[in-house]
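Residue numbers (the working numbering): 2 to 223.
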């Protein structure tokens, strides 16, 4: 400061109201640059971990929903298939009675009269037999199959034993006679075959286990 001008000639540091230089009065954050960077990094890593956990949870939910939808699709397809396969079950069961009556009508004709070959009777029998075969063919188109158990091991799921036949020449519990034909629709029994089974023969050989994806015909041995 000069005495002549009364003005300051030196650069002065501004002071605050307390007289403390402003540079000294500026508050400090308390964090170094490294500490601040570490804090930001830790916060970012924590947020990333949260987001990854949320993604994993959503992915798990999506997989469960996809599995449920696949199970629903398969179940629906199976139900539709079963509905198509077994829709005619009751009707087919009633038609079996008609087939039985046709068979009884043919069986009721004495053998000697059939052998005589009377034209009218012969034509009548042939007509009944054609009708019987046609009815069976129609049922087969809707999945109905006639069981052929003769010579097969007795299967209580598809056969009904009416009597036993002493026969030491065939394995025990082998079907040797069919009293009434049995039928199946799909893999379900429509009507069990009424059969006679052998008794007194050798013990039957164990059945081989079916291979994966392989099933036996209804009412027959593997």
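No residue lacks a Cβ here, since even glycine has one placed at the ideal position from N, Cα and C.
Since this is a predicted model, take the numbers as computed values, not measurements.
- Inter-residue distance for residue 137 and residue 100 is about 8 Å (C-alpha atoms, whole angstroms).
- Secondary structure of residue 149 (DSSP, three-state): coil.
- Straight-line spacing of the CA atoms in residue 35 and residue 54 works out to 28 Å.
- Put simply, the backbone Cα of residue 195 is about 32 Å away from that of residue 118.
- For residue 162, the enclosing beta strand (DSSP E) stretches over residues 160-167.
- Counting along the chain, the unbroken beta strand (DSSP E) around residue 185 starts and ends at 184-186.
- In this structure, residue 162 sits away from residue 190, with a CB-CB distance that is not shorter than 7 Å.
- For residue 204, no beta strand (DSSP E) run applies, since DSSP gives it neither H nor E.
- According to the DSSP assignment, residue 116 belongs to the alpha helix (DSSP H) that extends over 112-117.
- Put simply, the backbone Cα of residue 73 is about 21 Å away from that of residue 88.
- In the assembly as shown, residue 156 is a buried residue. Its beta-carbon has 16 or more other beta-carbons within 10 Å.
- In the pairwise beta carbon analysis, the stretch 122-132 is classified as not touching the stretch 142-160: fewer than three pairs are separated by under 8 Å.
- Secondary structure at residue 190: strand, using DSSP grouped into helix, strand and coil.
- In the DSSP annotation of this structure, the continuous segment of the alpha helix (DSSP H) that includes residue 66 starts and ends at 34-87.
- Within the same chain, 107, 110 and 115 come within 8 Å of residue 126 by CB-CB distance, once the 5 residues on both sides are set aside.
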